[in-house]
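Chains A and B, in that order, give the protein sequences. Using the working numbering, the letters of the first sequence map in sequence onto residues 1 to 63. Using the working numbering, the letters of the second sequence map in sequence onto residues 1001 to 1406.
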Amino acid sequence: MLKIHVDMEKCQHYGQCVFEAPAVFRLNGEDKLEYEATADDSERDNIQLAIEVCPMQAIKFAE
Amino acid sequence: MTDPVIIVGGSLGGLRTAESLRRSGYSGPIRVFGEEPHAPYNRPPLSKEVLAERVDHAAVAFPQGDTTADVEWILGTRVDHIDLGRNIVRDNRGEEHSYSGVVVATGLRSRHMDLPAMPTSGVHSVRSLDDAMALRAVLTPGTRIVIYGAGFIGCEVAATAKKLGVDVIVVGKGPVPLLRPLGVQLASDIQARHEAHGVKFFMNSKITRVIGGDRVESVLLDNGVEIWCNAFVEAIGSEPNVELLHGNDVDIEHGIRVDDNLRITRADGTPWPNAFAVGDVARFPIPRFSDRVRRVEHWNIPTEMSRKVGKVLSASLAGSAELEDEITKAFDPIPTFWSDQFELSLLAYGLIDEADRVELLEGRENDDCVYGYFCGDDLVGVCGVGMRSAVMAYRSRVGRKPASAS
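Printed below as a string of structure tokens:
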């Protein structure tokens, strides 16, 4: 199981992560980011790509 | 011993290329040359957080994972020349380094005015972390800055400086700021919002002199108006760092010409073996729009290009059969950019400068809305003010239809 952390102080809700890992990240009805705090190992590459494309560099794997 | 893959450029494109090579299975040596003394860091905050807060390199440095822990970083070192025929790069100390593959990720440098005399201090640009830290030292309440250039960097610096209590004047050559990247409707809205916050604009103007000896005292416009200031910021665009390829059979006019696999091409269009360019410095086609070859200075492009180069180069070095399969897939990204200025938050997809007309797609002008940029009937770009989900829904639709399909 993977643990994901988004620094919501940094996050500006650009939604770039949504296209890389749609099973983990989404924008809600108010255009704010929501995400799954845990994900299956099969999502590792997608989440890594989401980490790379985040303009604010707000996403990381949590320990 | 195996020659390393050499990556020339220690910023976003260089780092992402190293990561992508590892992800694609290349396990040999990687050496990255970076001209700046800093490990790769994120540049968009340079016109915002780095000016507004006392943040240092650690706050903007890209996190680096285990996969690239064995990459050799040679920072504070410029590469002066690449010999594509001999597979050698020469650094600024005159040392030569052989490579098995080379990736040019040298990016851009700030363009400077061609004026005979400039004051020795008080003249700034915003390209590197050191630039931004030098500028923020003068952004104190009550000082006045003149910013020359009304593009994204100029406008973002204006908004950040104004919020810090600085008196801000923007001088731009066009009729409104951000005209070319956004079109006249949205550009006018942005100017009005800046003016409501107290930023002053002198548009349709050129600066003909920057006056001062030890320090900047004023700037002179082409209509004779003189504006006093404590500091001057040049934000008049940038130029690609292509000079290291002089003397090779390449096309480096306005950027390094690469093919649809991002391989550096000879003048006849054939690719050099195992030589690539990524990021702002590269000129490439984007098939979903047209076969026009262009540079794209958007933040997502180096990352997208690096993913492609990692796959092609690692397959090529391994002599893998996957190479043939990979090179049949043309690089075809969807450019995206964003900008934050005061309460305004823009998010865009596509190539807005391909458009010949603009339509309001959703929302209301001068409020949260989505503009569509069209070339004929084709949606070539979208830009939203707020309305994130609405803009994102258009992302996969931007591009040109082949002429035969219409």
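All residues carry an ideal CB built from backbone N, CA and C; glycine is no exception.
- Apart from the 5 residues on each side of it in sequence, residue 1297 of chain B sits with its Cβ closer than 6 Å to the Cβ of 1280 in its chain, given in chain order.
- Residue 1165 of chain B sits in coil when the DSSP states are folded into three classes, being neither helix nor strand.
- If you ignore the 5 residues before and after residue 1333 of chain B, its C-beta comes within less than 6 Å of the C-beta of 1304, all in its own chain and listed in chain order.
- In the DSSP annotation of this structure, the continuous segment of the alpha helix (DSSP H) that includes residue 1300 of chain B starts and ends at 1300-1318.
- Taking a Cβ-Cβ threshold of 9 Å, none of the residues of chain A is close to residue 1305 of chain B; the smallest such distance is about 12 Å.
- Remark: C-beta atoms of residue 1285 of chain B and residue 1293 of chain B approach each other more closely than 9 Å.
- The beta-carbon distance between residue 1359 of chain B and residue 1390 of chain B, rounded to whole angstroms, is 14 Å. This is too long to meet the 8 Å contact definition.
- Residue 1092 of chain B and residue 1134 of chain B have their C-alpha atoms roughly 25 Å apart.
- Taking 9 Å as the cut-off, the beta carbon of residue 1194 of chain B is found no closer than this to the beta carbon of residue 1173 of chain B.
- Contact with chain A is absent for residue 1113 of chain B, since none of that chain's Cβ atoms lies less than 9 Å from the residue's Cβ.
- Close to residue 35 of chain A, with beta-carbon spacing below 8 Å, lies no residue of chain B; the smallest spacing is near 15 Å.
- The beta carbon of residue 1388 of chain B falls within 9 Å of a beta carbon belonging to chain A, placing the residue at that interface.
- Counting only unbroken stretches of 3 or more residues, the beta strand (DSSP E) elements lying wholly within the stretch 1180-1245 of chain B are 1200-1202, 1207-1211, 1218-1221, 1226-1228, 1231-1234 and 1238-1240, in sequence order.
- Among the residues of chain B, those whose CB is under 8 Å from the CB of residue 13 of chain A are 1388, following chain order.
- Taking all protein chains in view, the Cβ of residue 1087 of chain B is crowded by 16 or more other Cβ atoms within 10 Å, so the residue is classified as buried.
- Secondary-structure assignment with DSSP links residue 1285 of chain B through a beta bridge to B/1293.
- Judged by their CB atoms, residue 1084 of chain B and residue 1315 of chain B are not nearer to each other than the 9 Å cut-off.
- Contact with chain A is absent for residue 1221 of chain B, since none of that chain's Cβ atoms lies less than 9 Å from the residue's Cβ.
- In the structure shown, residue 1268 of chain B falls within a coil segment according to DSSP collapsed to helix, strand and coil.
- Between the alpha carbons of residue 52 of chain A and residue 1227 of chain B lies a distance of about 43 Å.
- The Cβ atoms of residue 1380 of chain B and residue 1400 of chain B lie closer than 9 Å to each other.
- Take the alpha-carbon of residue 1177 of chain B and the one of residue 1003 of chain B: they are about 48 Å apart.
- Within the stretch 1055-1066 of chain B, the residues whose Cβ lies closer than 7 Å to any Cβ of chain A are, in chain order, 1062 and 1063.
- Under the DSSP assignment, residue 1145 of chain B falls outside any alpha helix (DSSP H), being part of the beta strand (DSSP E) whose first and last residues are 1144-1148.
- With a beta-carbon spacing of about 4 Å, residue 1037 of chain B and residue 1076 of chain B fall inside the 8 Å limit used to define contacts.
- Contact annotation: residue 1107 of chain B and residue 1011 of chain B have beta-carbon atoms nearer than 9 Å.
- Checking the DSSP bridge columns, you'll see residue 1033 of chain B partnered with B/1008 and B/1074.
- When Cβ-Cβ separations below 9 Å define contact, residue 1019 of chain B makes contact with chain A.
- Residue 1384 of chain B sits away from residue 1373 of chain B, with the two beta carbons spaced by 9 Å or more.
- Segment contact: the stretch 27-35 of chain A against the stretch 1229-1246 of chain B, fewer than three CB-CB distances shorter than 8 Å; contact not assigned.
- Between the alpha carbons of residue 15 of chain A and residue 46 of chain A lies a gap of roughly 14 Å.
- The beta carbon of residue 1167 of chain B sits closer than 6 Å to those of 1144, all from its chain and outside the five residues before and after it, given in chain order.
- Short of 6 Å from the beta carbon of residue 12 of chain A, and not among the five residues preceding or following it, lie these beta carbons of its own chain, in chain order: 56.
- Relative to the Cα of residue 1206 of chain B, the nearest Cα in the group B/1022, B/1024, B/1222 and B/1338 belongs to B/1222.
- Not a single CB atom of chain A sits nearer than 9 Å to the CB of residue 1110 of chain B.
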